[in-house]
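Engineer: Provided herewith is a single structure, encoded as structure tokens, for subsequent inquiry.
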Amino acid sequence: MPSEESYKQIEGEWKDFRFRRVLPADYEAVLDHIAQNYVRDELTCKLLGWTEEFAADVNKVVAQFLPEGLSFIAEHIPTGKIAGARITLHHTPETKFVSLTNRNAKLFFKLVNDVEELADVTNKHGIDNYIEFFMASTSRDFRGQGLVGEFYNRSINFLKAEGFKHALVVVTSPHTKAATLKRGFEQQSRLDYDKFMDFDGKTPVFKKEDLTPEDFALVMLKTL
Ligand SMILES: CC(C)(COP(=O)(O)OP(=O)(O)OC[C@H]1O[C@@H](n2cnc3c(N)ncnc32)[C@H](O)[C@@H]1OP(=O)(O)O)[C@@H](O)C(=O)NCCC(=O)NCCS
Numbered sequence: 002m003p004s005e006e007s008y009k010q011i012e013g014e015w016k017d018f019r020f021r022r023v024l025p026a027d028y029e030a031v032l033d034h035i036a037q038n039y040v041r042d043e044l045t046c047k048l049l050g051w052t053e054e055f056a057a058d059v060n061k062v063v064a065q066f067l068p069e070g071l072s073f074i075a076e077h078i079p080t081g082k083i084a085g086a087r088i089t090l091h092h093t094p095e096t097k098f099v100s101l102t103n104r105n106a107k108l109f110f111k112l113v114n115d116v117e118e119l120a121d122v123t124n125k126h127g128i129d130n131y132i133e134f135f136m137a138s139t140s141r142d143f144r145g146q147g148l149v150g151e152f153y154n155r156s157i158n159f160l161k162a163e164g165f166k167h168a169l170v171v172v173t174s175p176h177t178k179a180a181t182l183k184r185g186f187e188q189q190s191r192l193d194y195d196k197f198m199d200f201d202g203k204t205p206v207f208k209k210e211d212l213t214p215e216d217f218a219l220v221m222l223k224t225l
């Protein structure tokens, strides 16, 4: 588990929000936040289409990594609501996600995997042990106030204090693309959504007419 000294780098108040680690008592509320905010609005999830089963399967993976103690929430102090969540995992060569049953959830993680394979940071840079910023999510009510940017600032300080050397993130939102570039992350790969293929490797998952030129995922990498 991370040290109390490291947690001091991320925990505390900022504007109307309190940043703090996710505790076991928060798991249910965090999973609900992810289902209702991330899975409804993240680009890939939105294109695939929200269902309860899809959200539940995505959350099996989130639940797998919460006990690592690397995930955080921002609480809105006046209401006590979760305003944002930052789900993070420590990726090692042994990391393996729980198996899933929902087709959309499998496709969602296939997209993540495909763009990470294109980046291939292990063979290209010899990096096989890194932090993965797995999900950034701000509640619909609190977007556009700088929360995700502040999560990045605090998370980077926290991870440096923990001695991690590299942070990787797959970004799909214009906001997180901007926020990572601004903080010195460098692009490693790009997957345009019209080139995202189904499990057969040859059928496009999305119809061209449903896509815009903004619909692409990037792997961004930062040396901490
Ligand atoms: C993406 C998401 C997390 C952004 O959260 P947010 O708290 O509203 O974001 P912020 O207010 O911190 O803005 C982030 C950055 O986007 C930039 N930004 C604002 N409007 C923008 C726009 N229209 N296009 C591009 N960047 C923009 C801001 O400058 C800000 O950077 P800075 O604070 O470093 O200056 C939120 O919309 C969300 O939860 N979406 C659904 C889930 C999702 O897509 N998650 C990210 C997947 S990679």
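Using the working numbering, you'd call the opening residue of the sequence shown number 2 and step up by one each time. Note that CB positions come from ideal geometry on N, CA and C, so glycine has one too.
Closer than 8 angstroms is the cut-off here; do at least three beta carbon pairs connect the stretch 182-199 with the stretch 55-63?
Structural biologist: With a cut-off of 8 angstroms, the stretch 55-63 and the stretch 182-199 do not count as touching, because too few Cβ pairs lie within range.
Engineer: Can you determine whether any heavy atom of ligand 1 sits closer than 7 angstroms to the C-beta of Lys-183, and answer yes or no?
Structural biologist: Yes.
Engineer: Please confirm whether any heavy atom of ligand 1 lies closer than 7 angstroms to the CB of Gln-146.
Structural biologist: Checking the Cβ of Gln-146 against ligand 1 gives yes.
Engineer: Do His-167 and Tyr-194 have their C-beta atoms closer together than 8 angstroms?
Structural biologist: No, these two residues do not count as a Cβ contact at 8 angstroms.
Engineer: Got a sec? Which residues, its chain only, sit under 7 angstroms from Ser-138 by beta carbon, not counting five neighbours each side?
Structural biologist: So the list reads His-34, Ile-35, Asn-38, Tyr-39, Gly-85 and Ala-86, once near-sequence residues are dropped.
Engineer: One question on the structure: do Arg-104 and Tyr-153 come within less than 8 angstroms of each other, judged by their Cβ atoms?
Structural biologist: No.
Engineer: Return yes when at least one heavy atom of ligand 1 lies under 7 angstroms from the C-beta of Glu-43, else no.
Structural biologist: True, at least one ligand heavy atom lies under 7 angstroms from that Cβ.
Engineer: In this structure, how does DSSP classify Val-63 when only helix, strand and coil are distinguished?
Structural biologist: Note: Val-63 maps to helix in three-state DSSP.
Engineer: Candidates Glu-29, Met-136 and Ser-140: which alpha carbon is nearest Thr-177's?
Structural biologist: If we check each option's Cα against that of Thr-177, Met-136 comes out closest.
Engineer: Candidates Glu-210, Asp-17 and Leu-48: which alpha carbon is nearest Ile-83's?
Structural biologist: Ile-83 has its Cα closest to that of Asp-17, out of Glu-210, Asp-17 and Leu-48.
Engineer: Could you give the first and the last residue of the continuous beta strand (DSSP E) run that contains Phe-207?
Structural biologist: Looking at the DSSP string, Phe-207 is not in any beta strand (DSSP E), and its letter there is neither H nor E.
Engineer: Is there contact between the stretch 8-26 and the stretch 159-166, where contact requires at least three CB pairs shorter than 8 angstroms?
Structural biologist: A contact exists between the stretch 8-26 and the stretch 159-166.
Engineer: Check for me: the alpha helix (DSSP H) holding Val-122 runs from which residue to which?
Structural biologist: Where Val-122 is concerned, the enclosing alpha helix (DSSP H) stretches over 122-126.
Engineer: For Val-63, is the beta carbon positioned less than 7 angstroms from some heavy atom of ligand 1?
Structural biologist: No, ligand 1 has no heavy atom inside 7 angstroms of this Cβ.
Engineer: Leu-212 to Leu-90, Cα distance in whole Å?
Structural biologist: Those two C-alpha atoms are separated by around 30 angstroms.
Engineer: On the premise that Arg-22 lies in contact with Gly-70, defined as a C-beta separation below 8 angstroms, what is that separation, rounded to the nearest angstrom?
Structural biologist: Contact holds; Cβ gap of about 6 angstroms.
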